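Line by line, the protein sequences are chains A and B. Numbering-wise, the first sequence is residues 24 to 495 according to the working numbering. Numbering-wise, the second sequence is residues 24 to 495 according to the working numbering. Backbone N, C-alpha and C define an ideal beta-carbon position, used for all residues, glycine too. This structure is a prediction, so every number in the text was calculated from the model and none was measured. Inspection log for the structure reproduced underneath, given as structure tokens.
2 protein chains.
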Amino acid sequence: MTWTVVDRESGTPLFRQIYESFRRRILQGELEEGERLPSTRELASSLQVSRTVIVEAYEQLLAEGYIEGRHGSGTFVAEGTHLLQAAPAGLARSVSAVPPQSFEGAPARKRELIDFRHGIPALDLFPRKLWGELAKRIWADASAEAFGYGRPEGRHELRSVLARYLRRSRGVVCEPEQLLVTTGATQAISLIAKLLLTGKSDVLMEDPLTYEIHTMFSLPGAKLHPIPVDESGMMTELLPAGIHPKFIYVTPSHQFPIGGVLPIQRRVQLIQYAARTGSYIVEDDYDSEFRYESAPVSSLQGLDPERVVYIGTFSKILSPALRMGYVILPPSLVQNARSLKWLTDLHTPSLEQLVLAEFIEEGHLDRHIAKMKKLYRKRRDFLIRQLRHAFGEAVNILGHSTGIHLVAEFAGISFTPKLLSVIEDNGVKVYPVTVHAFRKDVQKRRIIIGYGNLSEERIAEGIRRLSELLKK
Amino acid sequence: MTWTVVDRESGTPLFRQIYESFRRRILQGELEEGERLPSTRELASSLQVSRTVIVEAYEQLLAEGYIEGRHGSGTFVAEGTHLLQAAPAGLARSVSAVPPQSFEGAPARKRELIDFRHGIPALDLFPRKLWGELAKRIWADASAEAFGYGRPEGRHELRSVLARYLRRSRGVVCEPEQLLVTTGATQAISLIAKLLLTGKSDVLMEDPLTYEIHTMFSLPGAKLHPIPVDESGMMTELLPAGIHPKFIYVTPSHQFPIGGVLPIQRRVQLIQYAARTGSYIVEDDYDSEFRYESAPVSSLQGLDPERVVYIGTFSKILSPALRMGYVILPPSLVQNARSLKWLTDLHTPSLEQLVLAEFIEEGHLDRHIAKMKKLYRKRRDFLIRQLRHAFGEAVNILGHSTGIHLVAEFAGISFTPKLLSVIEDNGVKVYPVTVHAFRKDVQKRRIIIGYGNLSEERIAEGIRRLSELLKK
């Protein structure tokens, strides 16, 4: 393999030069499908750049589907990436590589995989009968107008109900006019990126934070500044002086993935910093309805509605398949966000918005959340007991106050791709924090364990399998 | 009002310089909400640039909601556009300007408006009872897995059924793997723009063509080359030499809005040109199921599946509120398109895809299309008779072979904003072709008349009102 020499004088960041060189070589078939890439260490040394640069380039390629990691055996050119091989015969192969979170099942293996994937609610408990009845009623009764083109911000019925619900349950201060209904929180995040990241932009974000968000912000060319988190969320004392970020991206109610809840002192620091630097704050509130120690913490948005963009979703409290999310915008951003949504997909499906509005209005959402919270608390407590039982003091449990995942940190164990692959071969899948981290070293002992969609029986069996391996 | 002098030496196109200057001044409140903008003629002369440049800048501002046209009285800064006026009191005003097509109703006036808006199917005839029953059944019976995160390309059930349906009904050659389910055709178009328009890109498109598509391609910085259409669609003999467009955007089954059906000679010319210049062809097939003179014409895609990206929608054959569209990709683009969709909104809602798949599979779609085609043909014939009766030889009717709109051209009449406003004040709304045109002058006698959602009674009354005014 020969490599393009990187050009340190050009304005293009090194990671992007390397990313683009790989991308071109893969598309042109110069790197063949299934070909093994050099390790990040190897390549860093041969190109004389820091390993972070290579990791960043590889992650970009990974996120875009050009390459795929096979646990324990390295990184390979994904199938279906060769642009010129357009013969239909090549097609069946082009579909094997899909974005990492989109696998619906796992290949057949010796024993059934117990998957501690995070962010998945109890799928078997979705109120499907009730929802179906409501849907039938709405489809029958809606006005003819509802079957035409709608408005980019979504149905007024849903926005009114939602504004009331959020005021009551989350301390969010907003008028229905500030709400924009989106296809899940992901679309809200990508709209915000398009809206605010123009030209050269600085973005501050927590480290770690969902890796897909890294990609969504770095694709439009933003410079990402990771701010470390501890067990109380973003370490606001480390907010950098001398830059004027477009926005600061935070998950203050339940830091993802570490799980801290941002204390008010840091919230104030954050808001003051944002005011000083003229930045927006983007508050991603993805699962805070499930708070076990107390009532859900109030939103950051309520503290400064003119500065905070609040993003919410029904993926965790109902189902990700609904693709229902929303964003609350400061009044000054409303009009541009609507225009952008219009140019992206006009609007989110209308009748489903009416069904959701009715579901909330009739009190079903509150009842469903209360019911699920009880169940998740039980699963969480059970999981913690199993972890304690299996590992005793060797495990440190973080971020369990809220949500449907926790983080477990194991003294003396490093979750390398090799180890994770061995664990998976033994029928249990856990998720390394390092995937989401800029500073990977400090996270290497930690895994994310999702428990929303697993019965106690499966939780017990999963932790048993894990302990068999880790205690060897 | 003082104006930034345009800089002819800078790399930035003139229209963009003017657009950005306005945008900045509006956001900063230097131009106040409600303030009247100079006419395009006035401004062109004072800046010493061509009027087209000003029109383009204004259209961009209009599409993004910064300004609004008031028929007959000029162009004004829209409300809610001042970035710094973030006081909640300003909010109610910020929502008055919405994207042009998204109005759900019209303000109260003396007599009820008869709206010949194009692209709207008969909303009162959506099979709501059947759909509701199906939805209820699907929500009850779907596997638990369907309630989790799905795959970016959409449900396999829908893609399989759709591939078969399209092969049978539209001569489309594709495997389910090439299909990506999108939130309406608009999302398919915006994904294609993101996928193919990188860096400096040339795009060829029909002139006229839906103005929102102009914006969607010019926003990422593409250079648009309008190719005139006649009554047989794009005039392929005018395809320019010496450039290598990223793609050529066409509506070959029913040119929008003029209505031509691209004859095979031009299709071949188009494909040969694309092969020679290494371009993709994007085929937007938005309503060709309703072809009255013969069976629907075959898709361009079937002629060159490796080169043609085919975009379809259920907005016209079922309902725009469903937001169900799809794109068929050459195999080489499949993987990147999936990654982009994933980073945009993960995937389109799952259960609704299953309902649609069942609706097609059980034969309801074919029956619904057959029923609606009969109705639309009747409405179309009635409309043509009314136009002939009212205007005789003074009206020329174009593009009536397909779809749910036609174009009427009136000898000696120019549909100025002033005239359109008078017409609207008289209780009837028609749509000028000029909005969608680069070369406006050749289109000024033409209006688009949509008839899908209007009863014969309302069509008759609408044409009567129109003739009262135009024959004065």
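What's the call for residue 110 of chain B, buried or exposed, on a 16-neighbour Cβ count within 10 Å?
Counted from its first residue, the second sequence places residue 110 of chain B at position 87. A caution first: residue 110 of chain B carries a pLDDT of 28, below 50, which makes its placement in the model too unreliable to give a value.
For residue 399 of chain B, is the beta carbon positioned less than 6 Å from some heavy atom of the ligand FAD?
What this structure holds is no ligand at all, so the ligand FAD is not there to describe.
At a CB-CB cut-off below 9 Å, which residues of chain B make contact with residue 213 of chain A?
Here residue 213 of chain A refers to the residue found at position 190 of the first sequence. Result: 366, 367 and 368.
Is there a Cβ from chain A that is less than 7 Å from the Cβ of residue 395 of chain B?
Counted from its first residue, the second sequence places residue 395 of chain B at position 372. No, its Cβ sits nowhere closer than 7 Å to a Cβ of chain A.
Counting only C-beta atoms, is residue 239 of chain B closer than 7 Å to chain A at any point?
Here residue 239 of chain B refers to the residue found at position 216 when the second sequence is read from its first residue. By this cut-off, residue 239 of chain B is an interface position.
From the DSSP output, read off the bridge partner residues of residue 418 of chain A.
Here the question's residue 418 of chain A lines up with position 395 in the first sequence. Its beta-bridge partners are A:433.
Of the residues that make up the region 135 to 160 of chain B, which ones have a beta carbon closer than 7 Å to any beta carbon in chain A?
If the cut-off is 7 Å between Cβ atoms, the region 135 to 160 of chain B has 143, 146, 147, 149, 151, 152, 154, 155, 156, 158 and 159 near chain A.
Expressed to the nearest angstrom, what Euclidean distance is found between the alpha-carbon atoms of residue 177 of chain B and residue 285 of chain B?
As a position in the second sequence, residue 177 of chain B is number 154, starting the count at 1. As a position in the second sequence, residue 285 of chain B is number 262, starting the count at 1. Approximately 31 Å between the Cα atoms of the pair.
Let me know if residue 206 of chain B comes out buried or exposed under the rule of 16 or more other beta-carbons within 10 Å of its beta-carbon.
Start at 1 with the first residue of the second sequence, and residue 206 of chain B comes out as number 183. So residue 206 of chain B ends up on the buried side.
Under the rule that 16 or more other beta-carbon atoms within 10 Å means buried, what is residue 291 of chain A, buried or exposed?
Walking along the first sequence from the start, residue 291 of chain A turns up at place 268. With fewer than 16 Cβ atoms within 10 Å of its Cβ, residue 291 of chain A is classed as exposed.
For residue 192 of chain B, would you say it is in contact with chain A, using Cβ-to-Cβ distances shorter than 7 Å as the test?
If you number the second sequence from 1, residue 192 of chain B lands on position 169. No, no contact with chain A.
Below 8 Å, can you find three or more Cβ-Cβ pairs linking the region 188 to 202 of chain A to the region 306 to 326 of chain A?
With the cut-off at 8 Å, the region 188 to 202 of chain A and the region 306 to 326 of chain A touch.
Would you call the region 155 to 172 of chain A and the region 345 to 364 of chain A touching, i.e. three or more CB-CB distances under 8 Å?
At 8 Å Cβ cutoff, the stretches do not touch.
One question on the structure: do residue 41 of chain B and residue 63 of chain B come within less than 7 Å of each other, judged by their Cβ atoms?
To locate residue 41 of chain B, count along the second sequence from 1; it is residue 18. To locate residue 63 of chain B, count along the second sequence from 1; it is residue 40. No.
Listing by chain order, which chain A residues have their CB less than 8 Å from the CB of residue 485 of chain B?
Residue 485 of chain B sits at position 462 when you count from the first residue of the second sequence. The premise fails here: residue 485 of chain B is roughly 18 Å from chain A at the closest Cβ pair, so nothing lies under 8 Å.
If we cut at 7 Å on Cβ distances, does residue 130 of chain A have a partner in chain B?
One-based indexing of the first sequence puts residue 130 of chain A at position 107. Summary for residue 130 of chain A: the model assigns pLDDT 43, below 50, so the residue's position carries little reliability; its value from the coordinates is reported in the next sentence. Answer no: the Cβ-Cβ gap between residue 130 of chain A and chain B never drops below 7 Å.
Give the secondary structure of residue 469 of chain B by DSSP, where H, G and I count as helix, E and B as strand, and everything else as coil.
Sequence index remark: in the second sequence, residue 469 of chain B carries index 446 (1-based). It is a strand residue.
When you compare only the Cα positions, how much space is there between residue 92 of chain B and residue 85 of chain B?
Position 69 of the second sequence holds residue 92 of chain B. Position 62 of the second sequence holds residue 85 of chain B. When rounded, the distance between both Cα atoms is 8 Å.
Given this structure, state the Cα-to-Cα distance separating residue 138 of chain A from residue 278 of chain B, to the nearest angstrom.
What you label residue 138 of chain A is simply residue 115 of the first sequence in a count that begins at 1. What you label residue 278 of chain B is simply residue 255 of the second sequence in a count that begins at 1. Their backbone Cα atoms lie some 51 Å apart in a straight line.
I need the DSSP call for residue 307 of chain B, collapsed to helix, strand or coil.
Working through the second sequence from its first residue, we reach residue 307 of chain B at position 284. Strand at residue 307 of chain B.
Quick one: does residue 14 of chain A have its CB under 7 Å from some CB of chain B?
No answer is possible for residue 14 of chain A: the residues shown for chain A start at 24 and end at 495.
Hey, out of B:36, B:143 and B:372, whose CA is closest to residue 426 of chain B's CA?
For the purposes of this step, residue 426 of chain B is taken as the residue at position 403 of the second sequence. Measuring from the Cα of residue 426 of chain B, the nearest candidate turns out to be B:143.
Report the residue ranges of all beta strand (DSSP E) runs contained in full by the region 290 to 366 of chain B; include only those spanning at least 3 residues, in chain order.
The region 290 to 366 of chain B contains these whole beta strand (DSSP E) runs: 303 to 308, 331 to 336 and 347 to 351.
Just to confirm, are residue 146 of chain B and residue 99 of chain A a CB contact at a threshold of 7 Å?
In the second sequence, residue 146 of chain B corresponds to position 123, counting from 1. In the first sequence, residue 99 of chain A corresponds to position 76, counting from 1. Their beta carbons are not under 7 Å apart, which means residue 146 of chain B does not touch residue 99 of chain A by this criterion.
Establish whether the CB of residue 372 of chain B and some CB of chain A are separated by less than 7 Å.
On the second sequence, residue 372 of chain B is found 349 positions in, with the first residue counted as 1. So, interface residue.
With three or more C-beta pairs closer than 8 Å as the rule, is the region 385 to 393 of chain A touching the region 227 to 237 of chain A?
Touching, no.
Give the residues of chain A in contact with residue 209 of chain B, contact being defined as C-beta atoms less than 9 Å apart.
Along the second sequence, one-based indexing puts residue 209 of chain B at 186. The contacting residues are 365, 366, 367, 368 and 369.
Within the region 145 to 196 of chain A, note down every full alpha helix (DSSP H) run reaching 4 residues or more, in order along the chain.
As far as the region 145 to 196 of chain A is concerned, its whole alpha helix (DSSP H) runs of at least 4 residues are 151 to 164 and 179 to 193.
Can you name the residues that DSSP bridges to residue 38 of chain A?
Counting from 1 along the first sequence, the entry for residue 38 of chain A is found at position 15. Residue 38 of chain A is not bridged to any residue.
Cβ of residue 283 of chain A within 7 Å of Cβ of residue 255 of chain A?
For this step, residue 283 of chain A is matched to residue 260 along the first sequence. For this step, residue 255 of chain A is matched to residue 232 along the first sequence. Going by C-beta atoms, residue 283 of chain A is nearer than 7 Å to residue 255 of chain A.
Is residue 98 of chain B close to chain A, meaning its C-beta is less than 7 Å from at least one C-beta of that chain?
For the purposes of this step, residue 98 of chain B is taken as residue 75 along the second sequence, with counting starting at 1. Not closer than 7 Å to any Cβ of chain A, the Cβ of residue 98 of chain B fails to qualify, so no.
Output yes if chain A places a C-beta closer than 7 Å to the C-beta of residue 346 of chain B; else output no.
Locating residue 346 of chain B in the second sequence gives position 323, where the first residue counts as 1. Chain A contact via Cβ: present.
Is residue 30 of chain A buried or exposed, if buried means 16 or more other CB atoms sit within 10 Å of its CB?
What you label residue 30 of chain A is simply residue 7 of the first sequence in a count that begins at 1. It counts as exposed.
Scan the region 220 to 247 of chain B for residues whose Cβ lies nearer than 9 Å to a Cβ of chain A and list them as they occur along the chain.
The residues in question are 235, 238, 239 and 242.
Starting from the N-terminal side, write out each stretch of the beta strand (DSSP E) that is 3 residues or longer and does not extend beyond the region 238 to 266 of chain A.
Within the region 238 to 266 of chain A, the complete beta strand (DSSP E) runs of at least 3 residues are 246 to 253.
Could you tell me which of A:238, A:303, A:381 and A:260 sits nearest to residue 354 of chain A, measuring between CA atoms?
Counted from its first residue, the first sequence places residue 354 of chain A at position 331. The shortest Cα separation from residue 354 of chain A among A:238, A:303, A:381 and A:260 belongs to A:303.
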